[in-house]
Each structure stands twice: as structure tokens, then as C-alpha cells.
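J.: When we follow the numbering used here, the leftmost residue of the sequence shown carries the number 14, and every step to the right adds one.
I'd like to ask some things about the structure below.
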Amino acid sequence: MREPAEWMVPTDDRILELLRSEGNLTPDAIDSFGGPSPDHASRRCRKLSQYGLVEQIGRGLYRITDEGRAYLDEELDAGELEPVE
């Protein structure tokens, strides 16, 4: 079972799953693949990037990190992550 952190919300898993399956995405693309609205996806991607689960690789373009994949594969407890400065 995945171990989400207190700061995570249910849509975070969906965003991470989409980034893993579809590749690099913008919040608009996340929405078009059945994820949360672009505004919500943008806010959540920024939060996920603060904790190293995704990274921004361009203006509004995000990709999943090794840590994000480890979380999805239940190899990482997100509650143990600290914000990256």
C-alpha cells in the first residue's frame, strides 16, 4: 500500500500515474488525460516538485522523478520526504 504524506491529496497519485504513463506533461495535458483541472494540477505539481516527486523541466512542463516512481511502486514512504529548497 502506498504511504502518502500528510501534505498529499488524493489527486496527487493520479498526477504521478499520468506522468509515469504518458511522459512529460503540462497541467492542461494532465487535465486532458483525465486528471484534475489545469489550475489544480498546476498547484499540485508545484507541491510535488517541492518534495522531489516531480520536477519542472520547462515553463509549465513536468516530469516524474525516480522518487516519484519509487513512491508509486510502494518503495518510498512520501511522509519521510523533506521539502527541497
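Idealized CB from N, CA, C, for every residue including glycine.
Measure from the alpha carbon of residue 23 to the alpha carbon of each residue in 57, 52 and 42, then state which is nearest.
T.: Walking along the sequence shown from the start, residue 23 turns up at place 10. Nearest C-alpha to residue 23: 57.
J.: Which same chain residues end up closer than 6 Å to residue 17 when comparing Cβ atoms and leaving out the 5 residues on each side of it in sequence?
T.: Taking the first residue of the sequence shown as position 1, residue 17 is located at position 4. 91.
J.: Do the region 28 to 35 and the region 49 to 68 meet, that is, are 3 or more Cβ pairs less than 8 Å apart?
T.: With the cut-off at 8 Å, the region 28 to 35 and the region 49 to 68 touch.
J.: Cα separation between residue 78 and residue 35?
T.: Within the sequence shown, residue 78 is the residue found at index 65, counting from 1. Within the sequence shown, residue 35 is the residue found at index 22, counting from 1. Answer to the nearest angstrom: the Cα atoms are 14 Å apart.
J.: Among 85, 84 and 55, which residue has its Cα nearest to the Cα of residue 40?
T.: By one-based count along the sequence shown, residue 40 stands at place 27. Nearest option by C-alpha distance: 55.
J.: DSSP has residue 90 in a bridge; who is on the other side?
T.: Numbered from its first residue, the sequence shown carries residue 90 at position 77. Paired residue(s): 16.
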